[in-house]
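These notes concern the structure reproduced below.
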Amino acid sequence: FAARMQSLAAVLVTLVTAAAAAPFGDAALNPAEAAAATAALAALSTNQTGHAMIGGQTASAGAWPWTVSLCIQNWFGGCGYYAAGAIISSKWIVTTYSGVYDPVMETSWRVCAGSLDWSCKGNHAQKHTVYKIWHKTDANLDTHYHDISLIQISDSFTFNDYVKPISVLTNDDDMVKPGNYAWFTSWGHISNSATASVTDNLHQANMLVGVSGCSTFSDHSTFCGGGSGPTTCNYDMGGPMMRQKNGVYYLIGLSATKDYTVFNSCSSPTIFTRVSAFCDFMIGTAGVHCV
């Protein structure tokens, strides 16, 4: 009996250790149907150049369970959408500084997870208040240098098929290289018109990574994407870009351009913050380790 108990204990330790080491990034629904839809659009010669998500599709519930919307609540209880972000632990979100630098009280921000609708509708929606927003002290909006922020919510996410974290690789060189494609999600404009508005439902698009056109600001902490196909537009700041490896999605970038005050150039390439360049920031601030 004692030997059996020791064997059982050893198995449990192995399982717990494996679970702790396993990266986040699995989704209940794989966006294969979206890839098929993209191929169908291409076959019909649909114009997929520019205008953010014209080349993309509405996401399915549970397909991107780490994508969250960020809004600012006003005195009357209404909430205005500002940016997107990604869950990296039960209490922490990563987004771009350019998406959340607005000088309002941190407690005015609201985070919505588990909902395709940015306003947090649906049976799986979780709405949270913000405790604190942490920025890199040398962040620069003009050059997008260190364009990253960490948001700590007041309570904790309840993880399920619709709300999950995503991991960041310590070394993602094989994922962030010219010619690769990666999935991008956000609620930004689907037109560069001055009268355009954010989309109610989360959109997704498979974008080209490592394109040219962002060399003015490019360094190891950024990369360039989109532009020659589906790309980002106004209010897409903070939207996560993910790529799959060995069946698991990893967060590789956050949309850093297309500031909501500039209603133009929605067909140009996008500067993405390369999240793996900030593993030390995530460890030191949030205690979240890259894998």
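If you count by mature numbering (1 follows the signal peptide of the UniProt record, and there is no 0), then the sequence shown holds residues -21 to -1, 1 to 270, one letter each, in order. Every residue gets a Cβ at the ideal spot worked out from N, C-alpha and C, and that includes glycine.
Quiz item: Quick one, are the C-beta atoms of Phe136 and Ala92 less than 8 Å apart?
Solution: The count along the sequence shown starts at 1 and reaches residue 136 at position 157. The count along the sequence shown starts at 1 and reaches residue 92 at position 113. Cβ atoms of Phe136 and Ala92: closer than 8 Å.
Practice problem: Could you say which of Trp43, Lys111, Ile132, Asn119 lies nearest to Thr252 if we only look at CA atoms? | Solution: Indexing the sequence shown from 1 puts residue 252 at position 273. Nearest of Trp43, Lys111, Ile132, Asn119 to Thr252, Cα basis: Asn119.
Quiz item: Exposed or buried, which one is Ile250 when buried takes at least 16 other CB atoms within 10 Å?
Solution: Along the sequence shown, read from residue 1 onward, the residue named residue 250 stands at position 271. By the 10 Å Cβ count, Ile250 comes out buried.
Quiz prompt | Bounding residues of the beta strand (DSSP E) (the contiguous stretch that carries Tyr61) | solution = Here residue 61 refers to the residue found at position 82 when the sequence shown is read from its first residue. Counting along the chain, the beta strand (DSSP E) containing Tyr61 begins and ends at 58 to 66.
Self-check item: Spatial distance of Glu12 from Trp113 (CA atoms)
Solution: Translated into positions along the sequence shown, residue 12 becomes position 33. Translated into positions along the sequence shown, residue 113 becomes position 134. Unreliable placement is indicated for Glu12, whose pLDDT of 47 sits below 50; the coordinate value is still reported in the next sentence. Cα-Cα distance, rounded: 37 Å.
Quiz prompt | Extent of the continuous alpha helix (DSSP H) to which Met261 belongs | solution = One-based indexing of the sequence shown puts residue 261 at position 282. Run containing Met261: 258 to 265, per the alpha helix (DSSP H) assignment.
Exercise. Go ahead and pull the three-state DSSP assignment for Gly217.
Key: The residue you call residue 217 lines up with position 238 of the sequence shown. Coil.
Self-check item: Limits of the unbroken beta strand (DSSP E) element including Gly232
Solution: Working through the sequence shown from its first residue, we reach residue 232 at position 253. 227 to 234 is the span of the beta strand (DSSP E), which, as asked, contains Gly232.
Quiz item: From Asp151 to Phe55, what does the alpha carbon distance come to, in whole angstroms?
Solution: Your numbering for residue 151 matches position 172 in the sequence shown. Your numbering for residue 55 matches position 76 in the sequence shown. When rounded, the distance between both Cα atoms is 44 Å.
Exercise. Just the C-alpha distance for Gln183 and Pro157, rounded to the nearest angstrom, thanks.
Key: As a working note, residue 183 is residue 204 in the sequence shown. As a working note, residue 157 is residue 178 in the sequence shown. Distance between the alpha carbons of Gln183 and Pro157 is about 20 Å.
Quiz item: What are the residues that DSSP puts in a beta bridge with Trp43?
Solution: Counted from its first residue, the sequence shown places residue 43 at position 64. Note: Trp43 sits in no beta bridge, so no partner.
Practice problem: Less than 8 Å between the CB atoms is what I'm expecting for Cys269 and Val83, so what's the real figure, rounded? | Solution: Here residue 269 corresponds to residue number 290 of the sequence shown, with the count starting at 1. Here residue 83 corresponds to residue number 104 of the sequence shown, with the count starting at 1. At roughly 30 Å, the Cβ-Cβ gap does not stay under 8 Å, so Cys269 and Val83 are not in contact.
Quiz item: Cys99: which of Tyr60, Lys111, Thr74 sits nearest, CA to CA?
Solution: Mapped onto the sequence shown, residue 99 falls at position 120. Measuring from the Cα of Cys99, the nearest candidate turns out to be Tyr60.
Self-check item: Stretch-stretch touch, CB-based, cutoff 8 Å, three pairs: the stretch 220 to 238 with the stretch 100 to 107
Solution: no
Practice problem: Going by DSSP, name the residue or residues bridged to Thr74. | Solution: As a working note, residue 74 is residue 95 in the sequence shown. Ser128, per the DSSP bridge assignment.
Quiz item: Does the Cβ-Cβ distance between Cys258 and Thr116 come in under 8 Å?
Solution: For the purposes of this step, residue 258 is taken as the residue at position 279 of the sequence shown. For the purposes of this step, residue 116 is taken as the residue at position 137 of the sequence shown. No, they are not a contact pair.
Self-check item: Close beta carbons around Ala265, own chain, < 6 Å, minus the five adjacent residues each side
Solution: As a working note, residue 265 is residue 286 in the sequence shown. Only Trp71, Leu129 meet the Cβ criterion.
Quiz prompt | Candidates Ser94, Cys50, Thr108: closest to residue 271 by CA position | solution = The chain is shown from -21 up to 270; residue 271 falls before or after that span and cannot be answered.
Quiz item: With DSSP run on the structure shown, which of helix, strand or coil describes Thr201?
Solution: Position 222 of the sequence shown, counted from the start, is the residue given in the question as residue 201. Three-state DSSP puts Thr201 in a strand.
Quiz item: Is Trp88 helix, strand or coil when you go by DSSP?
Solution: The residue given as residue 88 occupies position 109 in the sequence shown. Residue state, collapsed to three classes: strand.
Quiz prompt | CA-to-CA distance, Asp153 to Asn53, given in whole angstroms | solution = In the sequence shown, the residue the question calls residue 53 occupies position 74. In the sequence shown, the residue the question calls residue 153 occupies position 174. Their backbone Cα atoms lie some 43 Å apart in a straight line.
Quiz prompt | From Ala256, Ala42, Gln131, residue whose alpha carbon lies closest to that of Trp88 | solution = Working through the sequence shown from its first residue, we reach residue 88 at position 109. If we check each option's Cα against that of Trp88, Gln131 comes out closest.
Self-check item: Per DSSP, cross-strand counterpart(s) of Tyr160
Solution: Within the sequence shown, residue 160 is the residue found at index 181, counting from 1. Tyr160 is bridged to Leu187.
Exercise. Kindly identify the DSSP beta-bridge partner or partners of Trp54.
Key: Residue numbering aside, residue 54 sits at position 75 when the sequence shown is read from its first letter. None, per the DSSP bridge assignment.
Exercise. Given a cut-off of 8 Å, decide if Thr37 and Asn213 are closer than it, judged by their beta-carbon atoms.
Key: For the purposes of this step, residue 213 is taken as the residue at position 234 of the sequence shown. For the purposes of this step, residue 37 is taken as the residue at position 58 of the sequence shown. No; because the gap between Cβ atoms is not below 8 Å, this pair is not in contact.
Quiz item: CA-CA distance, Ser165 and Ser191?
Solution: Locating residue 165 in the sequence shown gives position 186, counting from the first residue. Locating residue 191 in the sequence shown gives position 212, counting from the first residue. Distance between the alpha carbons of Ser165 and Ser191: 22 Å.
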